[in-house]
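Trainee: Mapping of the sequence shown onto the working numbering: residues 2 to 184, in sequence order.
Every residue, glycine too, gets a C-beta built ideally from N, C-alpha and C.
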Amino acid sequence: RRNGGTMSAASEFLSALAHGLTKNQRLILCAFGGDPANVKPDAWRPRPWQPGQKLGLNGNWNAYVTVASFTIAPDKTWRRKKACFAAAHALMVDDIGTKVAADTINLAPSAIIETSPDNFQYWYFFSEPEPDAAAFDSLIRAFIAGKLLGADPGMSGITRVGRLPGYPNLKAIVAPTTVGIAA
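1) Can you list, in chain order, the residues of its chain whose CB lies under 7 Å from that of residue 14, leaving out five sequence neighbours each side?
2) According to DSSP, is residue 142 part of a helix, a strand, or is it coil?
3) Exposed or buried, residue 163, counting other C-beta atoms within 10 Å across all chains shown (16 or more means buried)?
4) Could you tell me the alpha carbon to alpha carbon distance between residue 79 and residue 35, rounded to whole angstroms?
5) Does residue 27 pass the burial test, meaning 16 or more other C-beta atoms within 10 Å, or should it be called exposed?
6) What does the alpha-carbon distance come out to for the pair residue 31 and residue 110?
7) Tell me, to the nearest whole angstrom, how far the beta carbon of residue 52 is from that of residue 19; I am working on the premise that it is less than 8 Å.
8) Under the rule that 16 or more other beta-carbon atoms within 10 Å means buried, what is residue 63, buried or exposed?
9) Just the C-alpha distance for residue 67 and residue 97, rounded to the nearest angstrom, thanks.
10) Just confirm the distance between the C-beta atoms of residue 29 and residue 81, as a whole number of angstroms; I'd bet it's less than 8 Å.
11) Nearest CA to the CA of residue 158: which residue from 172, 171, 134 and 173?
12) Rounded to whole angstroms, what's the CA-CA distance from residue 41 to residue 83? Just pull it up for me.
13) How big is the Cα-Cα spacing for residue 150 and residue 94?
14) Going along the chain, which residues of its own chain have a beta-carbon closer than 8 Å to the beta-carbon of residue 126, five neighbours each way excluded?
15) How long is the line joining the alpha carbons of residue 72 and residue 85, rounded to whole angstroms?
16) Taking the alpha-carbon of residue 161 as reference, which of 33, 137, 22 and 172 has the nearest alpha-carbon?
17) Determine the DSSP secondary structure at residue 13, reduced to helix, strand or coil.
18) Which same chain residues, not among the five before or five after residue 33, have their C-beta less than 7 Å away from its C-beta?
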């Protein structure tokens with residue numbers, strides 16, 4: 002699905018991503034206004050979510066979801082920390098079209114989200130959640146090395162987030178620079 006859809010697109014996406022989620026696990030959402038590069042760390046405050054809950058996100062904000070589910074921390078808070086990892090639900094490849102050529106990946110994604118003009122995230126939902134954090138981390142690293150030839154090392158990490166469909170990208174768009182050539 003392309004970004005710019007409706008909140009129901011986000012709900013449909015989350016329901017598919019949450020396949021296999023147990024009652025003690027949550028996907029972690031975060032949402033905030035403004036440029037993600039310029040917000041304070043508390044803007045990334047985790048919002049635990051499971052099927053059946055309302056999203057409760059401002060439709061005019063950036064909105065993100067984790068690729069994995071998490072359990073509640075010992076201090077009774079929800080966090081997207083390795084120590085709270087429960088299971089991987091998807092592999093997400095970022096920057097298709099700008100940093101990674103689409104023809105580099107010959108696997109059909111479960112979902113495609115346009116995050117900015119000509120820039121996409123490819124999501125691959127797992128048929129069953131992967132509960133082994135080390136195995137998931139190894140899969141991500143192998144995918145980067147094998148399919149992306151190391152082109153997007155930033156996609157590594159079992160606590161990674163991706164954009165939710167239907168929510169805007171408020172990242173400041175930098176105009177391309179031009180190069181002048183002296184005559």
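Mentor: Reading it off the structure:
1) In its chain, beyond the 5 residues on either side, 2, 112, 165 and 166 have a beta carbon closer than 7 Å to the beta carbon of residue 14.
2) Note: residue 142 maps to helix in three-state DSSP.
3) Answer is buried; the Cβ neighbour count reaches 16.
4) Taking C-alpha positions only, residue 79 is separated from residue 35 by approximately 23 Å.
5) For residue 27, the number of other beta carbons within 10 angstroms of its own is at least 16, and it is reported as buried.
6) Distance between the alpha carbons of residue 31 and residue 110: 23 Å.
7) The Cβ separation is near 5 Å, so the contact holds.
8) Buried is the call here.
9) For the pair residue 67 and residue 97, the Cα-to-Cα distance works out to about 18 Å.
10) Contact flag correct, Cβ pair sits at about 5 Å.
11) If we check each option's Cα against that of residue 158, 134 comes out closest.
12) Straight through space, the alpha carbons of residue 83 and residue 41 are spaced by roughly 22 Å.
13) Note that residue 150 scores a pLDDT of 49, beneath 50, so its modelled location is shaky and nothing firm can be said.
14) Cβ within range, chain order: 17, 18, 20, 90, 91, 111 and 112.
15) Each residue's CA atom was taken as its position, placing residue 72 and residue 85 some 5 Å apart.
16) Out of 33, 137, 22 and 172, 137 has the C-alpha closest to the C-alpha of residue 161.
17) Residue 13: helix per DSSP, three-state reduction.
18) Cβ neighbours of residue 33 beyond the five flanking positions: 40, 44, 62 and 63.
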